[in-house]
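Enquirer: The structure follows.
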Amino acid sequence: MIEARELRIVDAEGRTTISLESDEYGGRVRVYSVTGAEVASIEVTENGGAVYTFGEDHVLRTFMGAVNEGGLIDARTPAGYSGARLFSGGFGGALFTFDFSGELSTAVTPQDNGGMIEVYQVSNATVDSEPATDSGADGGEDGGKSVSRVVLGFSQDYGYLQIVNADDFILTEVTATEHGGVVTARSHEGYEFTRLGCVEDGGQVVTFNRNGDAVASLLVHNDSGALQVRDATGLPGIELLTESETGIIRTFKNGEMSTISTSTDHGGAFMVFDAETGKRVAVFGAVETGGSIEALTIDGALVSRLMAAREGGALLIYDNERQLRGAFVINSGDGYVETYRSDDRLSGQLGGGSAAEPEADDGPHNGEAQQEESIPAVRQRPPY
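Quick look at the structure:
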């Protein structure tokens, strides 16, 4: 039996080709080329072991190590930069790949019930003259280099995708759960300008200005929806609301409502408002059997009303006190004109049968009772 701490195997010319070594920590085997350069090494200790391969310039090419907790495989370029690394351990594992300059290009890492994938892009990267150390490059921003990346993360019930620029601002983000998802788009400065969200029974799209104010939004939910457009200051400009049987359109000026349009299965209405007082100044309405148009003062007082139906129509004129002062009525082909005093009493009539004399100030009109029965809708005050 031969006992030795080191054993060398040499060739015919006396050059070492293989050496076996041992010490108190373990043992190793080294393999040499014909030029005498170490090209491979195997080491074993009580906690694990490692395998190294080298080039003729003694630059590390590959490394594989294992310990009780896990292991590592590292493949390198001829310049000594890490090209790929694979880790394993109690946490799961990780895979990293690098470009020819040693900058991190992809990373696959585990997470709770899932994992994460990152893809990096390095701009203005330069190859260093000195090779990387055994620890390798770890990416990031260094020496004027800018790094952008794409990140994909997932778990049992959640996932996300991020596009991140060199300033670490998220430009685009997509998140998804079992109940829906959200897509967010941002500027290069990190300002959010578009957001798209969806759930089982609807969705929403929102756009923003540089100040973070929502300038347009679209909401859809089952059989209803809403569209809102705002100006540069965030004040509402247009609103569109829909339900199963109803639709509403509102327009605004300086944040105050200027028009509103409504529609249903049976008709619709359109109203115009004064921008300063907020009072209605015009109303257009329509149903299956007819329609009406009303004009009002900026104080909201009714000035005139035009009504139309299948068999006739009427034009009513009111004074500033909302008193009916004149009426032009067509009913089943017949027409007449009436005028009224400030106390709602008939003062004159043209058409509609025998002409009536204007009533005196100190006595009732002889035909007033009969006229009230013939045109009750005209003689009533407006419902304002």
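In the numbering used here, the protein residues as written are 675 to 1058. Even for Gly, the Cβ is constructed at its ideal location relative to N, Cα and C.
Helix, strand or coil for residue 752 per DSSP?
Expert: Residue 752: coil per DSSP, three-state reduction.
Enquirer: Whose CA, out of 776, 721, 872 and 680, lies closest to the CA of residue 703?
Expert: Nearest C-alpha to residue 703: 680.
Enquirer: State the DSSP-derived secondary structure class of residue 662, mapped to helix, strand or coil.
Expert: With the chain covering 675 to 1058 only, the question about residue 662 has no answer from this structure.
Enquirer: Classify residue 788: buried if its beta carbon has 16 or more other beta carbons within 10 angstroms, exposed otherwise.
Expert: Per the 10 Å Cβ criterion, exposed.
Enquirer: Need the endpoints of the beta strand (DSSP E) that residue 895 sits in, please.
Expert: Note, residue 895: beta strand (DSSP E), 888 to 895.
Enquirer: State the start and end residues of the unbroken beta strand (DSSP E) segment that holds residue 866.
Expert: Segment 866 to 873, the beta strand (DSSP E) holding residue 866.
Enquirer: Is residue 1008 helix, strand or coil by DSSP?
Expert: Reduced to three states, the DSSP call for residue 1008 is strand.
Enquirer: For residue 972, which residues does DSSP report across the bridge?
Expert: Looking at the DSSP assignment, residue 972 forms no beta bridge with any residue, so it has no partner.
Enquirer: In this structure, how does DSSP classify residue 772 when only helix, strand and coil are distinguished?
Expert: In this structure, residue 772 counts as strand in the three-state DSSP scheme.
Enquirer: Tell me whether residue 979 sits in a helix, a strand or coil according to DSSP, three-state version.
Expert: Correct three-state label for residue 979: strand.
Enquirer: When DSSP labels each residue in this structure, what does residue 691 get in the three-state scheme?
Expert: Of the three classes helix, strand and coil, the one that applies to residue 691 here is strand, per DSSP.
Enquirer: Can you check whether the CB of residue 821 is closer than 8 Å to the CB of residue 782?
Expert: Not a contact, by the Cβ cut-off of 8 Å.
Enquirer: What are the boundary residues of the beta strand (DSSP E) that residue 736 is part of?
Expert: Residues 734 to 741.
Enquirer: By alpha-carbon positions, which one of 857, 965, 819 and 970 ends up nearest to residue 833?
Expert: The shortest C-alpha separation from residue 833 is found at 857.
Enquirer: Take residue 718 and list the residues in its own chain whose beta-carbon comes closer than 6 Å to its own, dropping the five residues that flank it on each side.
Expert: For residue 718, where only same-chain residues beyond five positions count, the Cβ hits under 6 Å are 700 and 701.
Enquirer: Would you call the CB atoms of residue 979 and residue 962 closer than 8 Å?
Expert: No.
Enquirer: Determine the DSSP secondary structure at residue 765, reduced to helix, strand or coil.
Expert: In the structure shown, residue 765 sits in coil (DSSP, three-state: anything other than H, G, I, E or B).
Enquirer: State the Cα-Cα distance for the pair residue 996 and residue 958, rounded to the nearest angstrom.
Expert: Distance between the alpha carbons of residue 996 and residue 958 is about 19 Å.
Enquirer: Taking Cβ positions, are residue 848 and residue 854 nearer each other than 8 Å?
Expert: Contact: no.
Enquirer: Going by Cα to Cα distance, which pick from 690, 1008 and 889 is closest to residue 907?
Expert: Of the listed residues, the one whose Cα sits closest to residue 907 is 889.
Enquirer: Which residues mark the beginning and the end of the beta strand (DSSP E) in which residue 919 is found?
Expert: Run containing residue 919: none; DSSP gives neither H nor E here.
Enquirer: Which of helix, strand or coil does DSSP assign to residue 806?
Expert: Bear in mind that a pLDDT of 42 at residue 806, under 50, signals an unreliable position, so the number given afterwards is only what the model happens to contain. Here residue 806 sits in coil by DSSP.
Enquirer: Given this structure, state the Cα-to-Cα distance separating residue 913 from residue 863, to the nearest angstrom.
Expert: So the alpha carbons of these two residues sit roughly 30 Å apart.
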